[in-house]
Each structure stands twice: as C-alpha cells, then as structure tokens.
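Trainee: All residue numbers for the sequence shown refer to the numbering used here, where the first residue is 291 and numbers rise by one.
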Amino acid sequence: MEAWQLAEAVTLRPEAFGGMAFHRERGITLEVDAEAYRFLCTCREPRPLPPPGHPAARLVPQLARLGFLAPAEDGRKAEDGRKAEDGRKAEDGREQVQPVPHAPWLGDGVTLSAPETVHLAITARCNLSCPGCYVPRFDAGPELTTAELHGLVDQWAQMHVFQLAVGGGEPLLREDLFDVLAYARERGIVPNLTTNGMLLTPDVLRRLEWAGVARVNLSWNGPGGGGQRRAVAQALRMLLDSALQVGVNLLVTPALLPGLPRLLARLHALGVRRVTILRPKPPAIPSEAGAVWYAANRLRRADLLRLRAIMDSWQGVLALEVDSALVGLMGDADPATLRWRGIHGCAAGRRMCTVWPAGRVTPCSFLAGPSGSDPSGQTLNPHSAFRIPQSQIRNPKSAGDVRQVDFAELWARGENWNALRDPTRQPQGGCAGCKIASQCGGARCVARYECGDLFAGDAECPHFGKGATCAS
Ligand code: SF4
Ligand code: SF4
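1. On the premise that ALA306 lies in contact with LEU320, defined as a C-beta separation below 8 Å, what is that separation, rounded to the nearest angstrom?
2. Would you say the segment 563-576 touches the segment 650-657, given that touching needs at least three Cβ pairs under 8 Å?
3. What first and last residue would you give for the beta strand (DSSP E) that runs through PHE452?
4. In terms of DSSP beta bridges, what is TRP294 paired with?
5. If you draw a straight line from the C-alpha of GLN535 to the C-alpha of PRO336, how long is it?
6. Entirely within the segment 558-640 and at least 4 residues each: give me those alpha helix (DSSP H) ranges in chain order.
7. I think GLU406 touches GLN453, with their Cβ atoms under 8 Å apart; what is that distance to the nearest whole Å?
8. State the Cα-Cα distance for the pair ARG591 and MET488, rounded to the nearest angstrom.
9. Applying the criterion that 16 or more other CB atoms from any shown protein chain within 10 Å of the CB defines a buried residue, is TRP701 buried or exposed?
10. With 16 as the cutoff for other CB atoms within 10 Å, does THR669 come out buried or exposed?
11. With respect to 7 Å, is the separation between the Cβ of CYS333 and the closest non-hydrogen atom of ligand 1 below this value?
12. Which stretch, first to last residue, makes up the alpha helix (DSSP H) that contains VAL494?
13. Work out the CA separation of GLN694 and LYS379 for me, nearest whole Å.
14. Do you know how far the Cα of GLU438 is from the Cα of ASP624?
15. In angstroms with no decimal places, state the Cα-to-Cα distance between ALA727 and VAL494.
16. If I measure Cβ to Cβ from ALA758 and keep anything under 7 Å in the same chain, skipping five residues before and after, which residues do I get?
17. State buried or exposed for GLN605, treating a residue as buried only when at least 16 other CB atoms are found within 10 Å of its CB.
18. On the DSSP bridge assignment, give the partners of LEU410 in chain order.
19. Could you please give the first and the last residue of the uninterrupted beta strand (DSSP E) stretch that includes ARG650?
20. Taking any heavy atom of ligand 2 as the mark, which residues have a C-beta closer than 6 Å to it, listed down the chain?
21. Report yes if the CB atom of LEU560 is closer than 8 Å to the CB atom of LEU608, and no otherwise.
22. Within 10 angstroms of the Cβ of GLU385, are there 16 or more other Cβ atoms? Answer buried if so, exposed if not.
23. Need the endpoints of the beta strand (DSSP E) that ALA311 sits in, please.
24. Can you give me the C-alpha to C-alpha distance between PRO544 and ALA404, rounded to a whole angstrom?
25. Do you know offhand how far THR413's Cα is from THR627's?
26. Helix, strand or coil: which one does DSSP assign to ASP323?
27. Is it right to say GLU578 is buried, meaning 16 or more other beta carbons lie within 10 angstroms of its own, or is it exposed?
28. Label HIS409 either buried or exposed according to how many other C-beta atoms from any shown protein chain fall within 10 Å of its C-beta, with 16 as the threshold for buried.
29. Can you tell me the Cα-Cα spacing of TRP707 and PRO647, whole angstroms?
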C-alpha cells in the first residue's frame with residue numbers, strides 16, 4: 291500500500307487551536323486544527339494513506355502538493371535542490387489549494403506559543419544613512435555578544451521559532467554575522483538576511499552560502515545617487531549569480547510610483563523573480579525629521595490604488611509580495627484564502643517581534659517607541675489633525691530586555707502588549723465593517739501615528755471608502 295511521510299524539511303509546533311507546520315525550504319506556514327495536527331504528527335513515521343472517508347484523507351493531496359508530505363520511499367530526496375525552488379512554485383501551489391473546511395483558524399488576537407519570525411536587528415551601525423530608516427536610537431548600550439546571540443538562538447530553537455530575519459543597521463558590519471546565521475541553521479531555524487548590498491563581495495556570498503542563509507533580501511532604495519545605484523545593481527548581479535535565493539525589497543513612495551513599471555521590468559530583465567513591496571512607515575519615536583519624511587513619502591489612497599493596478603499587471607511574471615502594512619491591497623480577497631496562504635496583516639507582538647541590538651524586545655520595528663506613560667508629552671505626529679499627545683497614546687512598549695529575562699518569558703507575558711493581543715479588540719473606523727478585517731485589521735503603526743490608537747482604522751486603505759476617520 292502507498293505510504294506517506296512528513297517531509298524532512300517540516301517543523302511542527304503545537305498551538306492552542308491545533309498546530310502549525312512550517313516548510314523550511316519553501317517558507318510556507320500552515321495552521322491546522324487539532325485533528326489535522328495529530329495526523330501530521332503520526333506522519334513522522336511512514337504511514338499508509340488513510341482510507342476514503344477518514345477525516346485525514348482530504349488533507350493528503352493538499353499537503354503533498356505543498357511539499358509537506360511525500361511518498362515514503364523518496365520523501366527525503368524530494369527536499370534536495372533548495373536553489374531550484376524559486377518561490378514561484380510555492381506561490382502557485384498556494385493558489386491551487388483550497389482551504390481545509392472547518393479548520394478553527396487562528397482568530398484575531400490569539401497569541402502564538404512562539405513568534406513565527408523573530409526580527410533581529412543585529413547592529414544599529416550602518417554604512418549608509420537612508421532617510422526614513424526605522425532604526426531608532428533608543429536602544430543604547432553594547433550590542434549583544436556572540437555568546438548572548440547563541441543563547442538566544444538556543445531559546446528560539448526550543449520554542450520552535452520558524453525563521454530568523456536578520457537585519458540592522460547593516461548586518462554585514464557584524465564580524466560574527468556568519469557564525470550566528472550558521473548557528474541558527476544548525477538549530478533548525480531558517481535564517482534570512484536583509485542588506486543594503488554595499489559590502490557584498492564574492493567571499494561574503496560564499497560565507498553566506500556556507501552559513502545556510504535561505505534568502506538574501508537586497509534593499510533597493512538607499513539614500514540614492516548614481517554611484518550608489520550602480521553599486522546596488524552590481525550587488526544584485528553578484529547575488530543572482532550565486533546559489534542563494536534572492537529577493538529585492540522596494541520601498542514604494544509616491545515619487546517612485548511613476549517609474550515603478552520600468553523598474554520592475556529592469557529587475558525582471560536582470561533575473562529577479564521575487565520583489566517585496568514595502569510601504570513607508572511613520573516614525574516610531576517623535577522626531578521632526580521623521581515626521582517631515584513621512585509626510586512627504588506616505589502612500590495615500592490614490593497611490594495605493596495605482597500601486598495595486600501596477601501589481602496586477604505584473605501578476606504571473608514576478609512574484610510580488612507585500613509587507614504586512616499593505617495587506618489592505620487584497621481587500622477584495624476571501625479571508626479564508628488569505629489565511630490558508632499565510633497572508634496576515636499586522637503581526638506585531640502576535641506572530642513576530644523585534645530584538646534590538648542591545649537586547650530590547652518590541653512587538654515590531656515600527657512600534658518601538660517610548661511607553662504610553664512617557665512624560666515628555668510630545669506629539670508623535672506633529673502634522674496630524676488629531677494632535678494626540680504622546681502621553682495619551684496607547685503604545686505597546688518594550689516587553690523587556692533579553693539580558694535580564696528569558697525570551698520565552700518575555701514573549702509569554704507580553705504584559706505591555708495586551709492591546710495587540712486582546713481578542714475583543716477589533717479595528718475601528720473604516721476597517722470596522724471590512725470583510726477581511728480579521729485578517730488585515732489595518733496597519734497598527736499607521737493607525738497609532740495618525741489617530742493615537744492602535745485599533746483605529748487605516749485611513750489610507752483603498753477599501754476604506756469613507757474617507758479618513760479614526761473611529762467608527
Ligand atoms: S479597510 Fe482596514 S481591514 Fe479592510 S483591507 Fe483596508 S486596512 Fe485592511
Ligand atoms: S506595526 Fe503592524 S502593520 Fe506596522 S509594520 Fe509592524 S507588523 Fe506591519
């Protein structure tokens with residue numbers, strides 16, 4: 291009888307609603323109910339196909355198509371050839387799959403036992419000074435040492451964190467970067483890297499390959515200037531010639547929008563297959579320079595509609611992903627399909643968190659400001675019509691410091707993150723009646739900045755339709 295087995299590259303993690311399965315080579319995460327999770331656990335050993343009518347029988351073809359299950363005799367072989375997997379296949383696979391009926395999906399506000407992804411800002415040092423950079427300077431103190439980072443990786447491995455997204459500053463300025471990345475890979479965590487590309491050399495690429503980095507994301511927009519643009523293009527060519535998976539991060543501003551189709555065509559001609567569109571985010575801590583930059587670069591409703599049209603015209607040619615603050619662009623999708631495809635809106639403090647260079651932990655890089663009880667009384671957004679004083683902003687502050695408290699405890703208690711995790715809190719304003727509100731919920735960083743409330747609507751969303759309002 292035909293036997294099936296869990297692919298070697300799958301990590302399983304129990305959760306209150308059932309469990310999660312993460313495919314380390316394809317980067318796909320599935321959330322499954324308790325019954326499906328039990329079935330997946332039994333597949334660690336070869337097992338015959340369940341008889342027709344068995345509840346698990348409906349899952350096998352879908353899980354096999356996504357690479358989570360493989361015929362027992364060649365289940366291991368099927369995981370070879372990471373470079374050949376360019377993400378398109380995974381994308382296509384996701385498109386074909388129907389949601390599992392009756393799965394009690396992770397609802398808004400449910401906290402996972404561990405982050406899916408930890409964002410590690412491994413250093414605040416940088417060789418560039420990009421306007422709009424999110425790295426705040428509040429995290430003073432010596433950077434976490436190699437030994438401390440190894441200790442953290444051990445804790446994350448124990449919690450079954452799936453991915454480590456390493457950035458900075460410019461992470462290649464850390465001499466022990468390769469060591470930390472390799473250690474994460476050794477402990478079963480998939481390491482990814484985001485870099486401005488200026489320090490890439492053939493030797494660096496060989497060391498990244500050695501460290502088992504799954505994907506290198508190159509930030510396309512730095513401070514600009516002809517010389518720098520040429521250097522980024524050169525870095526991109528080197529990356530594309532390597533054995534690494536490559537993505538390009540594009541911060542799309544109103545100024546970039548008119549040239550976006552031409553830029554996408556250029557990237558495609560160079561051999562890029564995966565581009566992540568990033569939305570400009572408001573500054574996390576009060577700063578006049580940050581406020582001025584954001585006012586000039588934020589995407590308004592009309593810009594978002596234009597962006598959506600450009601993205602539609604590239605469908606099937608480039609794998610275009612959006613960051614969590616742009617899930618609203620998919621407002622006409624079916625929420626169950628978004629869930630099944632692992633597309634979630636704001637994940638701050640619920641699916642991800644950020645660890646800063648000196649060890650502070652915050653729900654997201656863009657919710658990193660001072661606490662709501664900050665006595666400075668500064669207005670976060672001096673240009674907002676609402677002019678909410680900083681002291682009144684319900685602001686999730688840092689959960690604490692990994693130098694003082696175990697990461698697992700910081701994640702579990704999240705006492706300052708309750709607003710983000712409260713299942714009774716639903717997004718307000720124009721988001722309140724939106725059909726994908728449970729999946730998207732608007733960008734918390736934008737809502738906080740514009741309205742002083744994490745759960746205000748995302749007033750720029752193209753699906754808003756009512757104009758900018760902070761509350762219902
Ligand atoms: S209205 Fe709000 S919840 Fe709906 S898609 Fe837009 S941002 Fe997301
Ligand atoms: S606060 Fe939420 S929407 Fe904003 S960047 Fe963080 S995860 Fe994305």
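Cβ atoms here follow ideal geometry from the backbone N, Cα and C, with glycine treated the same way. Nothing here was measured: the structure is a model prediction, and the numbers come from that model.
Mentor: The answer reads as follows:
1. At roughly 16 Å, the Cβ-Cβ gap does not stay under 8 Å, so LEU320 and ALA306 are not in contact.
2. With three or more CB-CB distances shorter than 8 Å, the segment 563-576 counts as touching the segment 650-657.
3. Boundaries cannot be given for PHE452, as no beta strand (DSSP E) includes it and DSSP labels it neither H nor E.
4. Paired residues: ARG337, PRO361.
5. The C-alpha of PRO336 is placed about 31 Å away from the C-alpha of GLN535.
6. As for any alpha helix (DSSP H) of minimum length 4 sitting wholly inside the segment 558-640, the runs are 578-587, 591-603, 625-630, ordered along the chain.
7. The C-beta distance from GLU406 to GLN453 rounds to 7 Å, short enough to meet the 8 Å contact threshold.
8. Roughly 34 Å separates the two Cα atoms.
9. With 16 or more Cβ atoms within 10 Å of its Cβ, TRP701 is classed as buried.
10. Residue confidence is low: THR669 scores 47 on pLDDT, short of 50, so the model does not pin down where it sits. Its coordinate-derived value is still stated next. It counts as buried.
11. False, no ligand heavy atom lies under 7 Å from that Cβ.
12. For VAL494, the uninterrupted alpha helix (DSSP H) segment begins and ends at 492-501.
13. Note that LYS379 scores 34 on pLDDT, short of 50, meaning its location in the model is unreliable; the coordinates nonetheless yield the value given after this. Spanning the alpha carbons of LYS379 and GLN694 requires a straight line of approximately 43 Å.
14. Taking the straight line joining both Cα atoms gives about 43 Å.
15. Cα to Cα, the separation comes out at about 43 Å.
16. Because ALA758 carries a pLDDT of 47, less than 50, the predicted location of this residue cannot be relied on, and the following value inherits that uncertainty. Excluding sequence neighbours, ALA758 sits near ALA749.
17. Exposed, since its Cβ has fewer than 16 Cβ neighbours within 10 Å.
18. Bridge partners of LEU410: VAL456, VAL645.
19. The continuous beta strand (DSSP E) containing ARG650 extends over residues 650-652.
20. For ligand 2, the selected residues are LYS571, SER614, ALA615, CYS636, ALA637, ALA638, CYS654, PHE656, LEU657, ALA733, ARG734, CYS735.
21. Cβ distance not < 8 Å, so LEU560 and LEU608 don't count as in contact.
22. Residue placement at GLU385 is poorly supported in this model, since its pLDDT is 34, which falls under 50; the coordinates are not used for a value here.
23. That run of the beta strand (DSSP E) goes 308-313.
24. In a straight line, the C-alpha of PRO544 is about 36 Å away from that of ALA404.
25. Spanning the two alpha carbons is a distance of roughly 37 Å.
26. If DSSP states are grouped into helix, strand and coil, ASP323 belongs with the strands.
27. Under this definition GLU578 is an exposed residue.
28. Burial is judged here by how many other beta carbons sit within 10 angstroms of a residue's own beta carbon; HIS409 has at least 16 and is buried.
29. TRP707 and PRO647: Cα-Cα distance of roughly 20 Å.
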